[in-house]
Each structure stands twice: as structure tokens, then as C-alpha cells.
DNA sequence: TTAGGGTTAG
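Numbering (full-length UniProt numbering), first residue to last: 1 to 874.
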């Protein structure tokens, strides 16, 4: 009370002689007015006041006014009038000024953060040759530090003779405040070297600095030192140690200290809760909280905050709600930051309604509250709700910051809303946020996920500063958007600029996989091994996928077996791999193993297993999985699942059942589903059903040439040349062009692409002659070319010529000519392999003793000794 | 003359 109350009864500024007898000088050198006899409340202060000896003579009193600058300056200081205090200080003679006057003015300068005035005081101190004693020195140091001139503070500090432990601690903590923890530690070492008697404050600050520096070993040394000095039982020091060990990711050491701490206060308990929560051990943190309640330890707002974060991280809504009630009781919930934490707890626990209730009840909201809600909707898959909130934010003129922008971009990316994303981009431009790295990375990600790699690239090109995330986003974006060549180019450019990381590997491998670029993939695999990225599960899964898609199933299996803790993706990739290669039974065994491991399949793993069943003709098993998915796992079948089932029925010849199945589907079938049945009609030569089905397909996808060609082929195989002609005319009328078939083969890391019918390759002549030679031998062996597939109503010779030009044949011949003997020929085709080419590949494998692995748009065909792994299911 | 250790979301 004595420190603040005197201000309440100050006299007016201009000293009134008549009232002087009422003035007293307080202990800290300030004038205070003597209270009237009625004032009893402040009377205790006066017991500590010394009356100033003031003569009643008018002459002496004038003399006082002229000479005692100290008193006047002190009075101005007390009034906060720095201007007048400075003016008087400048007017005063050295001999008139007392040390206390300088310190008071300096304190005011610090309070008002007036660096200029404080510097002036400092220069007066210097020019008056005033000795910097402990007090004046401390004031100068703290003045400079408070005004942000830590360098000058340090200069004064270093120039001082005797310094007490407070001032040393002050400097240590000032460096820590600016983030210069190393300098803090250097000072601490100086303290120890100079024999300064450190105290508990020193250790609190030093341990915080060491935690920030990640100096676990140094911290342990300090721990030993403080024990030696006898601070091992000091509650505040042990609390600091607990926090230090938690920050150093050593919860067990923190726990040991807490267990031994007899004098626990609320900070000790809170340190344990928040320490566990921030170490990803929220459940243990919550247990500490329960123990705290059990023992009747009083909780405070910091306890509640940490517990809420713990509930959010572990998804324990019930406890979160109970703590919410406790917060209401304690009136904590009225503060905005607290409400935001609460809101986030509900949102992360999946209770969006609860989050919304907090949000709506909040008296004041800031951008964090809004962003929290947006993130909640996005997390819940309700991107539309997130975008609606953005519009509401705009209406309420809430200014978006970087985090808000990135959250909204994330919502747009999740929902694939390119238009909304572009609006956000406009906002970014209008608000000068284009140079922010985080914003740019999120923008690129949004464009990539919305399928616009052109826009993503334009953001990328305009970035002055790029980090590894920028590069990875672009590479991953190209890979996922079926632009593997661009991904590889970007990867090559990245290598010129910076070292890739494990995430880069997981982004580039799918590009190699989609190109079946085995050699490039192997190069990257080598890089992964050299850099120790194989333990990254994303990388390991991508490697399995790479070898699956490059047709090296054995290696994929080996790598899969080597993954120590397989996740759902690892299993799903392997199941799909077996399916793609026609190993349906192996896929089923793998699926069962996954369930034995306690991993629950999701809708994607069911697509993989159903796909595997359909590509191996496993009808009964397929139905069983379809049933299990719906009934045991409560997964509502999606179009992809129905497509697999239709495919399975069609491939196994149950065409009318497939038709019925489509008609009774609870969701509208798309062209792919009808297309599967159309393929079945082709396999089983059901022209009548094919016509019925084809019309449904044409309605849904009138522009897709593939389906017109498919029907034309069905007609051609039935030798209905009139209908083939009709189809060709229909295609011609619509101005549609058949998608050109192309195939490629990677030789020495280079992808060699062949387009059907194109003979511009430098080795064309050699290829042609090899194919003719092979064809002759095949005929001798009783092989008749499947000329039906030529789709041309011409004479047999012409048809055979047309078939010779199919891209997969050209590539296979090129492979035979170029690759060393016994090397497997690996071919990839953009469309489904044609029947004639399939026959020829079978023959080639027998005739040349070569293994041929052909990946078409649908599956793998392994040709060996005249047999194909697809067993006719393709 | 003065201080520290626990908490706050997107």
C-alpha cells in the first residue's frame, strides 16, 4: 500500500507556499500531502514519512525552490512528467544532484521506454563523473534492456565493479528473452567462474535456456551442480528440472523427480500434466490430473488448459466435457484464448456441434476461433461447411492471417473446390501474402489436389524462396496427377538445388511406378538405401508399390516382408499387387494375415481384394468379401466396389446376373460399371446384350471413344461387318478419334515409346522383319493370327498388316532386338492389350525362351514358356 | 530496487 497510495494525495503541480506545511517527504524521496484529520485510511503510510525541515521564513523558502532540484525532479518523476524532470535535470549542476535523482529519472525513462532521454541521463551521469554504484548501474542496465538496447545494457553491465546476483540473473534472462540462449549460458558460466553465489532464480532461467538449446547433457551437468549446492529440495528448481526433462523428451526423468518431490505445489502438478501432453503421452497427463483431484489438490486455469489439450490430443470427449463444466464454475471460460482451446478440444474430439456451441456462445471471437472451426469442418470432411464459414468471416470483416489462409486452402484442397481456391488466391494477392512461404506451399498443394498443375507451377515459378516442402509438393502433385514425366523433370531440377528427403522419395516413386520405369526406380531405391530412408513407412510402402507396378512381384514381396510394422497402406498395396498380377489366392491369404495382425480393412483395402478376386475369377470369394464389408465392417459399398463385382460377374460369364446386379444397385451406375459388362459381353460374344449395354454407356459417356471401339470389336468378332461399318460411321460423325494405342519399354533408364501404326522409329525396318519372321514361325507352329482384332473390313492380308503395327508388338520386338539375352522384356501399354498381341506374346515367350511382362491399363500379364499368368481374365 | 518454475487454440 505504501508504494502506491501516495500518488492519491499529491498536491497540485505548482508548489503552493501556503500549503507547504502540509507536505511530507516519503521514504522513497517523494512529496506527499499530509492528510486531513478525516483521512484515516491512508494514515499508516505517514508513520514512515519524515517531515521536511522547512523554515517559516519567506526568504529561505525561495532559496529552497531555487536550489533543491533533487526534490523537484523526484516529484516530476512520481507524477510521470518526464519532460519537466529532464528539463530540471539538464539545468542542474553536478554538485546539486544526488544519486537517487538519476535512478528515479532512469526508472521513469525505462517505464516510458524513452531511449533518447535515458541516454541523455546516462551522458549527464558520465559528464558529472558520477561513480556507477550497484544501484545506479542496475538502473542503467535495466533501463537499456527495457528499451531494447541490450548491447548497451551489456556494456554498462561489463563496466560495473560490484554486481549482485539479481543483476546477473537479470542479464541472463534478458538474453533468453531475445532468444540468445547461448549468451545466457555464457553469462551463467561467468557467474560460476567468478564465484557469484547463484540462487534458485539462476537455475530456473538457465534450465529454460538449456531446454531451448536442446542441451540435454549440459542440463544434466547443471542438475548435478545444483544438487551439490543444495538446491535439490527447492521446489521451484525441481519444477524447472521437471520441465527441462520433458522438453528434452525424457518423461521418465521428469517423473522420477516428481515422485521424489515432497513439496509439490500446483506448478509441479501442472508441469507434469503439460509435460506428458506435449510428449504425446496425453493419457498419462490425464491420469496425473485425476490423481490431483483425488488428493484434493487445488487446480488453476493452467491445469484446465493443459487437461483440455490432453483431451483434444487423445480424443477423450467425456473428460473434456467434465473439465468444461469445471471451467464454467471457475469462470475461466470467459476469456477468448481459453474458449479457443475449449473449442479446439470439441473439434478434435469430433464433436463439431459442441465446438459450434462454444463458438456461438463466445462473446468475442478472433481469427483463431474462426480458423479452429474451419479446421474442424475440414477434418470432418465437411469442406463445404468450412467454405461457408469463410464467407461468413468475410461478411463480418474478420481479417485472415497466414494460418487461416492455409486452413482454408486445405479445405478447398480436400473438397477439390478449384473455384473457391482461386478466390482465396485472389484474397492472398490483394492482401500481399504472396511472398509467404507457408501460403505459397498451401496454394500449390490446393492447386495440385484440385488437379490444376499449371496453376501450381505458376505459383512455384513465382516463389523467390522455396523450401523442401515446395519441391515435394510439386513432385507429389505431378505424380498424383498422372504427369510422371514432369515429376521426374522436377525431381532432376530439385537435385541441382537441394538435397531431397524421405518425403521426396515417397513423392517421386509413384511417378516411376506409373511409368513402370524400373531402372529409374532402382536408382532412387539406391539413393534411399544410401541415405537410410527405408525405415520411413511411406517410403517402404511406395517401394513395394514401385516393384509391384514394374512387374517385379517377387522383390515387392521381399520388401513387404521386411517392413517391421506394416500399416493399412502396406497391406493394401501388397493385396492390390497380388491382384494386379493375377494371384488372387495370395491376395486373399494376405488379406487374412492383415486381419490376424489386428489391422482393420477400410474401403480401399476392400476395393483391392475385390479387384484381386475379379482378376482371378474367384466368384465365391468375391461375394464373401462383398458381404463381409457390408455386414462385418459396416462399409457402405461405393461405385468402385460395385464395379469390381460387376467385373467379377462379367468375367466369369454371369452376364445376365451382372445386368440384374447393376439394375438393383442403390446408387446410379457410371459408365465404368456398364463398361465392365460390355467387356464381359465381348469375352462371351453376347452381341445382343452388348448392344443393350452399349447404349447405356454411350448415354453416360458419349465422348469416350473406347466404348465405341469396344462395340465395334464385338461386331467384328461376330463378323457383323455392316454393324462395324455403322459404328465407324458413328465414330466419324461425332468427330471422335480412337485413342491411339501406345506402349513403352525402359532401356538403360530411357523410356522408348512406340505408337501403333507408326514406323518412324530408326530401327523400324529391323523390327518389322523380326515380326514377320516370328509370324512365319508362329504359322508353322499352327498359330493363326486373330485378324478379328484388326477392326478393319479388309482382306485378311491387310488385317494382318494392321495387327503387325500394334504398339505392344513393336515394343516387344524392339526389346528382343535391344536387350541382352535372357533379360526379361517389360512392356507397358496405355490401353488394354489386344487379343492378337496377347497370343503373339504367348508364342514369343515360348519361341525365344524370354520372359515377357506386359502391363496394360488393367493388369499384368506374365508370359513364360507359352503361358500367361492372366489365365484369360483380362 | 528488482525476479523464477506450469497454460492458451487454428
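C-beta: ideal position from N, C-alpha, C; glycine also. A quick note: this is a predicted structure, and the numbers were derived from the prediction, not measured.
Between residue 870 and residue 582, the CB-CB gap stays under 9 Å. Assignment of beta-bridge partners to residue 760 by DSSP yields no partner. Sequence-distant partners of residue 113 (beyond 5 residues in either direction) whose C-beta falls short of 6 Å from its own C-beta, in its chain, are 147.
C-alpha of residue 482 to C-alpha of residue 723: approximately 36 Å in a straight line.
Taking 4 residues as the shortest admissible run, the segment 180 to 261 contains the following complete alpha helix (DSSP H) segments, listed from N- to C-terminal end: 181 to 193, 200 to 213, 216 to 228, 235 to 247, 251 to 260.
Within the segment 580 to 646, the runs of alpha helix (DSSP H) at least 4 residues long that lie entirely inside it are, in chain order, 584 to 596, 603 to 615, 619 to 631. Rounded to the nearest angstrom, the Cβ distance from residue 856 to residue 829 is 5 Å, consistent with a contact under 8 Å. Between the alpha carbons of residue 809 and residue 593 lies a distance of about 39 Å.
Contact check for residue 200 against residue 243 fails: the beta carbons are separated by 9 Å or more.
Checking the DSSP bridge columns, you'll see residue 753 partnered with 744.
In terms of CA proximity to residue 208, 184 leads the group 184, 224, 747. Across the structure, residue 336 and residue 364 are spaced so that their CA atoms are roughly 7 Å apart. For residue 151, the uninterrupted alpha helix (DSSP H) segment begins and ends at 150 to 159.
Cβ-Cβ separation between residue 608 and residue 584: approximately 11 Å, too far for a contact (criterion under 8 Å). Relative to residue 161, the option among 180, 781, 133 whose CA is nearest is 133. Under the rule that a run must span 4 or more residues, the alpha helix (DSSP H) segments found entirely inside the segment 60 to 131 read 69 to 79, 82 to 91, 99 to 111, 115 to 127.
In this structure residue 248 is in contact with residue 216, their Cβ atoms being roughly 4 Å apart against a cut-off of 8 Å. Note on geometry: alpha-carbon atoms of residue 127 and residue 142 lie some 21 Å from one another. According to the DSSP assignment, residue 425 belongs to the alpha helix (DSSP H) that extends over 418 to 430. Boundaries of the beta strand (DSSP E) around residue 862: 860 to 864. Sequence-distant Cβ neighbours of residue 548 in its own chain, meaning closer than 6 Å and more than five residues away, are 556, 577. When the beta-carbon positions are compared, residue 376 and residue 348 come within less than 9 Å of each other.
Counting only the Cα atoms, residue 452 lies some 42 Å from residue 306. For residue 403, the enclosing alpha helix (DSSP H) stretches over residues 402 to 415.
Within a 10 Å sphere around the beta-carbon of residue 381 sit fewer than 16 other beta-carbons, which makes this residue exposed. Cβ-Cβ separation between residue 490 and residue 475: approximately 5 Å, consistent with a contact (criterion under 8 Å). Between the segment 562 to 578 and the segment 531 to 551, the count of C-beta pairs closer than 8 Å reaches three or more; the two stretches touch.
In the structure shown, residue 850 adopts coil according to DSSP, grouped into three states. Residue nearest to residue 152 within the set 693, 115, 182 is 115 (criterion: CA-CA distance). Remark: C-beta atoms of residue 854 and residue 812 approach each other more closely than 9 Å. Within the DSSP secondary-structure output, residue 294 pairs in no beta bridge. DSSP places residue 827 inside the beta strand (DSSP E), whose first and last residues are 825 to 829. Beta-bridge partners of residue 388 (DSSP): none assigned. Using a Cβ distance threshold of 9 Å, residue 317 and residue 286 do not count as a contacting pair. Annotation for residue 283: 314 place their beta carbon closer than 6 Å to its own, counting only its chain and skipping 5 residues before and after. Look at residue 684 here: in three-state DSSP terms it is coil, with no helix or strand label.
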